[in-house]
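Colleague:
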Amino acid sequence: MTKHFFSALQGRRSYYALSKEALIDDQRIEELVGEAVKQMPSPFNSQSGRVVILLGQRHDRFWDIVKEQLQAIVPAESFQITEDKINDSFKCGYGTILYYEDLSVVEGLQQKFPAYLDKFPLWSNQSSGMLQFAIWTALELEGYGASLQHYNPVIDAAVRAEWDLPADWSLIAQMPFGKPAAQPKPKEFQPLSARIKLFK
Ligand SMILES: Cc1cc2nc3c(=O)[nH]c(=O)nc-3n(C[C@H](O)[C@H](O)[C@H](O)COP(=O)(O)O)c2cc1C
8 MTKHFFSALQ GRRSYYALSK EALIDDQRIE ELVGEAVKQM PSPFNSQSGR
58 VVILLGQRHD RFWDIVKEQL QAIVPAESFQ ITEDKINDSF KCGYGTILYY
108 EDLSVVEGLQ QKFPAYLDKF PLWSNQSSGM LQFAIWTALE LEGYGASLQH
158 YNPVIDAAVR AEWDLPADWS LIAQMPFGKP AAQPKPKEFQ PLSARIKLFK
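When we follow the working numbering, the leftmost residue of the sequence shown carries the number 8, and every step to the right adds one.
1) What would DSSP say about W130, mapped onto helix, strand or coil?
2) May I ask you to list the residues that DSSP assigns as paired with T103?
3) Going along the chain, which residues of its own chain have a beta-carbon closer than 6 Å to the beta-carbon of F127, five neighbours each way excluded?
4) Can you say whether K98 is buried or exposed, counting buried as having 16 or more other CB atoms within 10 angstroms of its CB?
5) Just to confirm, are I60 and E38 a CB contact at a threshold of 8 Å?
6) How should K45 be labelled, buried or exposed, when 16 other C-beta atoms within 10 angstroms of its C-beta is the threshold for buried?
7) How big is the Cα-Cα spacing for S96 and Y23?
8) In whole angstroms, what is the alpha-carbon distance linking P48 and V40?
9) For K74, does the count of other Cβ atoms within 10 angstroms reach 16, so buried, or fall short, so exposed?
10) Have a look at I142 and L172 and give me their C-alpha separation to the nearest angstrom.
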């Protein structure tokens, strides 16, 4: 990881054109995910974030499950577009990271600190967002492109059953990644003067 922090921020984009070519060992993927999970801040250091890493055939199986679950609810005439998007984009990648929050941890905090009862689910989501961003950027530093998808809650039960995941784990986001097969389009930025106020 030799790139400067802000180069990594600039390089992190949503990549939708992916290939299955491996750029690093699977063990390295596990290491960088593990480091991000370990170092992320969380409310009261509750460490409610959970992650599932799906590689190779497991990644393919995941996207087949997404298609199966969507087919059951999407009108037949529009399902083809959905299926093409999954087959031509996300499923072409090398792996998918699933982001969960452990609701038993969140509920434990709510019982212990009732004054913040309504805040804990929000903070849990914020903590997950930080984790998603950290892993997204870490993958970028290794040369992978990723994007963030939200097929939850439609897919939750089927994915939980497939990998026998704990009932308390709540699915927040899905991040397919792979070697970039095309670069994202340039991004438009709003003027920072409209977004930041500095007082001194
Ligand atoms: C909380 C959040 C939710 C998002 N959800 C989706 C999503 O469901 N599908 C998707 O393709 N992109 C999703 N994105 C990606 C944004 O569309 C993308 O980050 C934004 O357009 C800026 O582009 P960039 O990622 O290339 O910088 C999400 C991003 C964030 C931060």
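For each residue, glycine too, the CB sits at the ideal point set by N, CA and C.
Modeller: Let me spell this out:
1) In the structure shown, W130 sits in a helix (DSSP, three-state: H, G or I).
2) L61, P183, per the DSSP bridge assignment.
3) Shown here for F127: same chain residues with a beta carbon closer than 6 Å to its own, the five before and five after excluded, namely V113, L116, Q117 in chain order.
4) So K98 ends up on the buried side.
5) No, the Cβ-Cβ distance between I60 and E38 is not below 8 Å.
6) Counting Cβ neighbours within 10 Å, K45 comes out exposed, since fewer than 16 surround it.
7) Answer to the nearest angstrom: the Cα atoms are 5 Å apart.
8) C-alpha separation (whole angstroms): 14 Å.
9) Per the 10 Å Cβ criterion, buried.
10) A straight-line Cα-Cα distance of about 21 Å links I142 and L172.
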